[in-house]
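Student: Numbering (my numbering), first residue to last: 3 to 216.
Beta carbons: idealized from backbone N, C-alpha and C, even for Gly.
#1: Could you tell me if residue 31 is buried or exposed, where buried requires 16 or more neighbouring beta carbons within 10 angstroms of its beta carbon?
#2: So, for residue 196: in the same chain, excluding its five sequence neighbours on each side, which residues have a beta-carbon less than 7 Å away from its beta-carbon?
#3: Run through DSSP, which three-state label would residue 148 get?
#4: If you draw a straight line from the C-alpha of residue 170 to the C-alpha of residue 138, how long is it?
#5: For the beta strand (DSSP E) that residue 139 lies in, which residues bound it at each end?
#6: Rounded to a whole number of angstroms, what is the C-alpha to C-alpha distance between residue 202 and residue 122?
#7: When you compare only the Cα positions, how much space is there between residue 134 and residue 151?
#8: Do the region 122 to 132 and the region 45 to 52 meet, that is, are 3 or more Cβ pairs less than 8 Å apart?
#9: By how many angstroms is the C-alpha of residue 191 removed from the C-alpha of residue 81?
#10: Please classify residue 104: is it buried, with 16 or more other beta-carbons within 10 angstroms of its beta-carbon, or exposed?
#11: Taking 6 Å as the limit between beta carbons, can you name the residues of its chain near residue 149, skipping five residues before and five after?
#12: Below 8 Å on the Cβ atoms is my contact criterion, and I expect residue 65 with residue 155 to pass it. Report the Cβ-Cβ distance as a whole number of Å.
#13: Give me, in chain order, the residues of the same chain whose beta-carbon lies closer than 8 Å to that of residue 35; leave out the 5 immediate sequence neighbours on both sides.
#14: In whole angstroms, what is the alpha-carbon distance linking residue 23 and residue 46?
#15: Out of curiosity, what's the CA-to-CA distance linking residue 166 and residue 71?
#16: Should residue 102 go down as buried or exposed, given a rule of 16 or more other Cβ atoms within 10 Å for buried?
#17: Going by the CB atoms, is the gap between residue 75 and residue 94 shorter than 9 Å?
#18: Leaving out five residues on either side along the sequence, give the residues of the same chain with a beta carbon under 7 Å from the beta carbon of residue 78.
#19: Could you name the residues that DSSP lists as bridge partners for residue 59?
#20: Could you check whether residue 116 and residue 99 sit closer than 9 Å to each other, using their CB atoms as the reference points?
#21: Can you look up residue 175 in the DSSP assignment and give me helix, strand or coil?
#22: Under a three-way DSSP split, which group does residue 199 fall into?
#23: So the beta strand (DSSP E) residue 99 belongs to, where does it begin and stop?
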């Protein structure tokens, strides 16, 4: 169902945030609300693109500009980040960027302009802002599906970026940490083995979706 595609996109965007201290800057409720409304409308505009190549180009642009990938990549690898040397950290973050950019390429995200949202609450949460958005999807059968989504954002270097998404009170980000920890366990907690496996996964996904586009 198309409503499931949207939830899967949420999972894609939830690859973000880490629990280490960050130099966050002051962020007002007005800025947070404007960010959510602006980026939400840009996302809907990307979905409305009829040309698949243009649609994914716009989604990539949104993702790279508005999601704090450095923040995210360090969270999902957790304690193992400190066990990597600088060269391994750089390689890992490059692979992470490649990996996340291909997570959603298999979905059409064709919602027939039946998707809408509204911002219902903005709350300061320490160095971050929590934004409650209400998603409304009208299916082909005319029935509406409504569910709340909580966005977490912060400001760094003058830029507001997404750091987490929660659906039904559950942080999907944490589920991805569990996934990466499992990958590390499968590599016997050997950093180089993990990076080799991760490189194979990331590059095979890129190759597959490149062939699909051609």
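Tutor: Taking the structure as given:
#1: exposed
#2: 185, 186 and 189, listed in sequence order.
#3: Under the three-state reduction of DSSP, residue 148 is assigned to strand.
#4: 15 Å
#5: 130 to 140
#6: 42 Å
#7: 6 Å
#8: no
#9: 11 Å
#10: buried
#11: 137
#12: Actually they do not touch by this definition, with Cβ atoms about 14 Å apart.
#13: 121, 124 and 133
#14: A caution first: residue 23 carries a pLDDT of 37, below 50, which makes its placement in the model too unreliable to give a value.
#15: So the alpha carbons of these two residues sit roughly 11 Å apart.
#16: buried
#17: For residue 94 and residue 75, yes; Cβs fall inside 9 Å.
#18: 17, 178, 179 and 182
#19: As DSSP reads the structure, residue 59 sits in no beta bridge.
#20: no
#21: Helix.
#22: helix
#23: Where residue 99 is concerned, there is no enclosing beta strand (DSSP E), although the alpha helix (DSSP H) it sits in stretches over 88 to 103.
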